[in-house]
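Q: Residue numbers (the UniProt record's numbering), protein chains in the order written: chain A, 1 to 462; chain B, 1 to 145.
Idealized CB from N, CA, C, for every residue including glycine.
#1: For residue 14 of chain A, which residues in the same chain have their Cβ closer than 6 Å to its Cβ, ignoring the five residues on either side in sequence?
#2: State the DSSP-derived secondary structure class of residue 315 of chain A, mapped to helix, strand or coil.
#3: For residue 20 of chain B, verify whether its CB is less than 7 Å away from any heavy atom of the ligand FAD.
#4: Compare the C-beta of residue 144 of chain B with all C-beta atoms of chain A and state if any pair is closer than 8 Å.
#5: Leaving out five residues before and five after residue 75 of chain B in sequence, what residues of the same chain have Cβ atoms less than 8 Å from its Cβ?
#6: Restricting to Cα atoms, I'd like to know which of A/56, A/11, A/351 and A/26 is closest to residue 37 of chain A.
#7: What does residue 68 of chain B touch in chain A if you count any residue whose Cβ is under 7 Å from its own?
#8: Between the alpha carbons of residue 21 of chain B and residue 181 of chain A, how many angstroms are there, rounded?
#9: Is it true that the segment 433-440 of chain A meets the segment 219-233 of chain A, where meeting means three or more beta-carbon pairs spaced less than 8 Å apart?
#10: With a 10 Å radius around its C-beta and 16 neighbouring C-beta atoms as the bar for buried, classify residue 68 of chain A as buried or exposed.
#11: Of the choices A/71, A/2, A/107 and A/109, whose alpha-carbon is the least far from that of residue 61 of chain A?
#12: How do the segment 277-290 of chain A and the segment 318-326 of chain A stand: do at least 3 beta-carbon pairs fall below 8 Å, yes or no?
#13: Can you check whether the C-beta of residue 136 of chain B is within less than 8 Å of a C-beta belonging to chain A?
#14: Which whole-angstrom value is the C-beta distance of residue 304 of chain A and residue 380 of chain A, which I expect to be below 8 Å?
#15: For residue 388 of chain A and residue 250 of chain A, which I take to be in contact (beta-carbon distance under 8 Å), what is that distance rounded to the nearest angstrom?
#16: Using a beta-carbon distance cut-off of less than 9 Å, what residues from the segment 353-385 of chain A approach chain B?
#17: Would residue 91 of chain A pass as an interface residue toward chain B - the criterion being a Cβ-Cβ separation below 8 Å?
#18: Any idea what DSSP makes of residue 227 of chain A, helix, strand or coil?
#19: Compare the C-beta of residue 35 of chain B with all C-beta atoms of chain A and state if any pair is closer than 8 Å.
#20: Write down the C-beta distance between residue 425 of chain A and residue 390 of chain A rounded to the nearest angstrom, noting that I regard them as a contact closer than 8 Å.
#21: DSSP puts residue 287 of chain A in a beta bridge; with which residues?
#22: Which residue or residues does DSSP assign as beta-bridge partners of residue 25 of chain A?
#23: Can you pull the chain A residues whose beta carbon is under 8 Å from the beta carbon of residue 53 of chain B, in chain order?
#24: Over what stretch of residues does the alpha helix (DSSP H) that includes residue 65 of chain A continue unbroken?
#25: Return no unless some Cβ of chain A is closer than 8 Å to the Cβ of residue 30 of chain B.
#26: Which residues of the segment 2-15 of chain B have a Cβ closer than 9 Å to any Cβ of chain A? Give them in chain order.
#27: Let me check understanding here. Comparing Cα to Cα, which of A/367, A/398 and A/378 lies closest to residue 348 of chain A?
#28: If we cut at 8 Å on Cβ distances, does residue 179 of chain A have a partner in chain B?
#29: I want to see whether chain B comes within less than 8 Å of residue 83 of chain A, judged by CB atoms only; does it?
#30: Select from B/51, B/10, B/98 and B/78 the residue whose C-alpha is nearest the C-alpha of residue 40 of chain B.
#31: Can you check which of these residues, A/146, A/158, A/73 and A/284, is closest to residue 168 of chain A by C-alpha distance?
#32: Give the straight-line distance between the Cα atoms of residue 122 of chain A and residue 76 of chain A, rounded to the nearest whole angstrom.
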């Protein structure tokens, strides 16, 4: 059987991974600059050439690709109440692998429309109201969206009683009706919407992103890269057929501009004395921290963690930390070349991982009621999760990956943050997770075997 | 005719979980669509739920004596959130100790509650009041179980 080529068109790099499916082996990986402005195939050819330097000439049988080039899948989502349908619409979009620029609640204003017009999203998700619930808001927002200057696909996934009306208001535009993201109060139903978003991406969006030239080479499946990543995490956790997965896990992907956190876990309360608040949590959850990243968003890390903390972790003076952060913010392609900068990058990575995972995980509040001590949980309780998988260039190429990754774990000084207590750290050394997500669509067994083999075990064991 | 919708829950730091389930059962049996928020419900949660589901009424339960503090400002917040004129009921052991009920009723009505029910009220009493206040015609009223 001929080897399979898996391609990830990233915003800066095009990554190629060659796989021998029969023997469940990675033949090689390589990366070259993404060339979306000219012809995206140039970058791909460069990557393959670099790849073949180590593997020798390869005759590929099949080729699959995912992409986050040209801004990825740009979305905005609208709902009614911020912590209810607006939150549900956000979960749906993020889980579909989108880059959610903004989530709007209540009625869209003229100012909002101007913003949306400028941002120029690829897809808009329109929700609001439980089934049989509020109709005013979604109908109003449909009317506002009908005024958009370009035909942006709109996925309608709100109160089912007015889905047809919304579609009529948006007549002449590309619309899709899906099941309500929150059919009953607090109940999350985001899979149908996610499936629809992925289909639109495949059938429409890739054409606009200069990926069509590459399409000729592909055997199929083009998905947003975060979607491939999520697929890989799910497979690694759940297993396939007779082959067991590793169980519940948390994944961290630290990048230059954003940090993605994934969890494949139930997250239910540890005991019966706990009252849960807020929207139901998706089993497979993705959050994106747009203000946490090693270069473009380095300022956000400092704002979240504080210069005092960064100085302590790095072992540098506070004024030095401020000076270095200023520098990094303006030199986004900088790679550390001094001991001082290595320390700085280490501290930034630690703080980024801690902040992003803390925001992803749920929290537990102690409340003394007249009937005694009670716990109120919001979000997912990830304390019993056994594995933390780390990926992303900034993490896997760092010198102290395991130490950095430990910042994803439970911290006694902030016991309210429900992060994994005793988890093994797994490192995606060869940066293959997204590729394995792609491969799993055709060869789930091989993808699972390769992940289990390649993703090294580190950290403390129980 | 569409069912009328009620958001119900136990307010504040109150964890009495049994009564609210009984009320959910009784209101559902009486022909209402019930959105039960459970225990330890904040004012904001009632309001968010009522907006999203387009509810006709908010039924606040309190059993631990601190209801008076917990309920303050709920009507104002409803007005602020665009739920002007939504039906607001409160019931249970809503004040500290034993106080004359007409006094208690007056205070809660001044806070903006449409109806106030004291300890030991049977669900049927509340249901009859709901039928009346929501103008549900007799043929749509369902015999209490």
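A: For this structure:
#1: 32, 34, 43, 44 and 47
#2: coil
#3: The ligand FAD is not part of the structure shown, which contains no ligands of any sort.
#4: For residue 144 of chain B, the pLDDT reaches just 46, beneath the cut-off of 50, and the residue's location in the model is therefore unreliable, although a value from the coordinates is still provided. Not closer than 8 Å to any Cβ of chain A, the Cβ of residue 144 of chain B fails to qualify, so no.
#5: 88, 111, 112 and 113
#6: Distances from the CA of residue 37 of chain A to each of A/56, A/11, A/351 and A/26 were compared; the closest alpha carbon is that of A/11.
#7: Correct list: empty, because the minimum Cβ distance to chain A is about 14 Å.
#8: Going from the Cα of residue 21 of chain B to the Cα of residue 181 of chain A covers about 26 Å.
#9: yes
#10: Looking at its Cβ environment, which holds 16 or more other Cβ atoms inside 10 Å, residue 68 of chain A is buried.
#11: A/2
#12: no
#13: no
#14: Their Cβ separation, rounded to whole angstroms, is 20 Å, which puts residue 304 of chain A and residue 380 of chain A out of contact at 8 Å.
#15: 5 Å
#16: For the segment 353-385 of chain A, which is checked against every Cβ of chain B, the residues closer than 9 Å are 367, 368, 369, 370, 371, 372, 374 and 376.
#17: no
#18: In the structure shown, residue 227 of chain A sits in a helix (DSSP, three-state: H, G or I).
#19: yes
#20: 7 Å
#21: A/261
#22: A/20
#23: 129, 130, 132, 133, 134 and 185
#24: Here residue 65 of chain A belongs to no alpha helix (DSSP H); instead the beta strand (DSSP E) covers 62-67.
#25: No, residue 30 of chain B does not count as interfacial toward chain A.
#26: Answer in chain order: 2, 3, 5, 7, 12, 13, 14 and 15.
#27: A/398
#28: no
#29: Yes, contact with chain B.
#30: It is B/10 whose Cα lies nearest to the Cα of residue 40 of chain B.
#31: A/146
#32: 9 Å
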